[in-house]
Amino acid sequence: MEIIEGGVTAAKGFKAAGMAAGIKYKNGKKDMAMVFSEKPCVTAGTFTLNRVFAAPVKWDKSIVYSEEGAHAIVVNSGVANA
Numbered sequence: 182m183e184i185i186e187g188g189v190t191a192a193k194g195f196k197a198a199g200m201a202a203g204i205k206y207k208n209g210k211k212d213m214a215m216v217f218s219e220k221p222c223v224t225a226g227t228f229t230l231n232r233v234f235a236a237p238v239k240w241d242k243s244i245v246y247s248e249e250g251a252h253a254i255v256v257n258s259g260v261a262n263a
């Protein structure tokens, strides 16, 4: 993991990592990341307006619209509406 001053982990209590999961790239290029907070955080999301979407979108919406917050988010590239 490369630490970047002033980056996403600049705020106290945050950690982040990226990895090559093979979702979008098959050559070892990073295509997935996780950002972790020691304390629960308010969440927000932008979701498809399509009437057809995968189960993970439904699950993500339930987390975003809950009052509990989240300790971590996982971000991937190359998977639309899934």
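Numbering (this note's numbering), first residue to last: 182 to 263.
Glycine is no exception: its CB is placed at the ideal position from the N, C-alpha and C atoms.
_Which residue wins for smallest C-alpha separation from G199, given the options W240, G188 and V216?_
Comparing Cα-Cα distances from G199 to each of W240, G188 and V216, the minimum goes to V216.
_Within 8 Å, strictly: CB atoms of G194 and K210_ = no
*Got a sec? Which residues, its chain only, sit under 6 Å from V255 by beta carbon, not counting five neighbours each side?*
M215
_Straight-line Cα distance separating K196 from A190_ = The identity of residue 190 in the sequence shown is Thr, whereas the question assumes Ala. Taking the straight line joining both Cα atoms gives about 5 Å.
*Distance, E186 Cα to A235 Cα*: One C-alpha to the other measures close to 36 Å.
*Where do the ends of the alpha helix (DSSP H) carrying S243 lie?*
A236 to V245
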